[in-house]
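So the mapping is simple: our numbering equals the position in the sequence shown, first residue as 1, plus 125.
Every residue, glycine too, gets a C-beta built ideally from N, C-alpha and C.
Structure first, commentary second.
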Amino acid sequence: MSSDAPLPAMYFLGHSTVLVETEGVRVLTDPVLLPRVANVLRRVAAPLDPALHSDVDVVCISHLHADHLDLASLRRLGQDTLLVVPEGAGELLHRKGFQEVVELSPGKFHDVGAVRITATPAVHDGLRTPFGPRALAVGYLIESPTTRVYFAGDTDQFDEMDDLGALGLDVALIPVWGWGPNLGPGHLDPRGAAEATGRLRPRFAVPIHWGTLHPYGIGRWMRAHLIDPPRRYAQAVTELGLSTRVLHTEPGRRVEAR
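Listed below in structure tokens is the structure:
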């Protein structure tokens, strides 16, 4: 896309939930909208404006983990909402009563109006629970005639990031941490996220997957630890000499190209 093309309307709703609006199509990623998901609590300054997740045209689910596929949040959107999910995830959602489910494996796409949604690889475990269903973990490329947005989901670096970078990304929605004190395999920390950004080469990057979900009983130091990754990520991007502009956005706010 053009280096001075305007950004699509985007709102960071917390964790990995981002509303992307382009060509009249409202795309919502990994919706986590309620005060609690699994064994963690949503801790942000203000409740979400319901208008930011109403009238959604399509939801993109990156993988089956409960902090990315939250059934209660999906029910709030409506069980007739179009869900684009990784290959292997459809059976679970059909059993839970969701009617419009499209499964994609990396390289496959689905069109919604003028927007094309293409699944991309991801390096992450797709098991829902230790004994539950398993599906792929993916990211998504969200493309319209005017913009190209990459939603990474939950992932470590992978070889195809260089190929995505060659496409000319306008925005990368890039995970920079998680919700606990440590990261397991298949995640990006602030430095790794900056290195991934160097491979993706987007005009803008929005750090996601940080600070919104907190475990029970954490102390003040841990809260600071969970909200600091975007700053550390932006610092690492600068240290690597990248031209990407980091748009650090608080949960519930519109992403602004400052």
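Its Cα nearest to that of residue 250, the residue 312 stands out among 221, 312, 166, 175. In this structure, the beta-carbon distance from residue 168 to residue 337 falls below 8 Å. An exposed status is given to residue 219, since fewer than 16 other beta-carbon atoms sit within 10 Å of its beta-carbon. The secondary-structure analysis by DSSP pairs residue 276 across a beta bridge with 265, 298. Nearest Cα to residue 146 within the set 140, 181, 322: 181. Pairing residue 329 with residue 370 gives a Cβ-Cβ distance under 8 Å. Inclusion of residue 372 and residue 381 in the CB contact set at 8 Å is warranted, their separation being smaller than that value. Around the beta carbon of residue 207, 16 or more other beta carbons lie within 10 angstroms, which makes this residue buried. DSSP places residue 363 inside the alpha helix (DSSP H), whose first and last residues are 354-364.
When the alpha-carbon of residue 282 is set against those of 300, 173, 198, the nearest one is in 300. The beta carbon of residue 259 sits closer than 8 Å to those of 189, 213, 251, 252, 253, all from its chain and outside the five residues before and after it, given in chain order.
Residue 147: member of the beta strand (DSSP E) spanning 142-147, first to last residue. Note on residue 273: 16 or more other CB atoms within 10 angstroms of its CB, so buried under the neighbour-count rule.
About 16 Å separates the Cβ atoms of residue 158 and residue 187, ruling out a contact at the 8 Å cut-off.
Between the alpha carbons of residue 202 and residue 178 lies a distance of about 7 Å. Out of 174, 298, 247, 154, the CA that lies nearest to the CA of residue 209 is found in 154. Note on residue 289: 16 or more other CB atoms within 10 angstroms of its CB, so buried under the neighbour-count rule. The Cβ atoms of residue 163 and residue 271 do not sit closer than 8 Å to each other.
Take the alpha-carbon of residue 152 and the one of residue 321: they are about 23 Å apart. Of the candidates 205, 134, 192, 217, 205 places its Cα closest to the Cα of residue 224. According to DSSP, residue pairing for residue 178 in a beta bridge does not occur. Contact between residue 194 and residue 221 does not hold, since their C-beta atoms are separated by about 10 Å, which reaches or exceeds 8 Å. For residue 248 and residue 277, the gap between their C-alpha atoms comes out near 10 Å. Apart from sequence neighbours up to five positions away, the residues of its chain that approach residue 215 with a beta-carbon distance below 6 Å are 226, 228, ordered along the chain.
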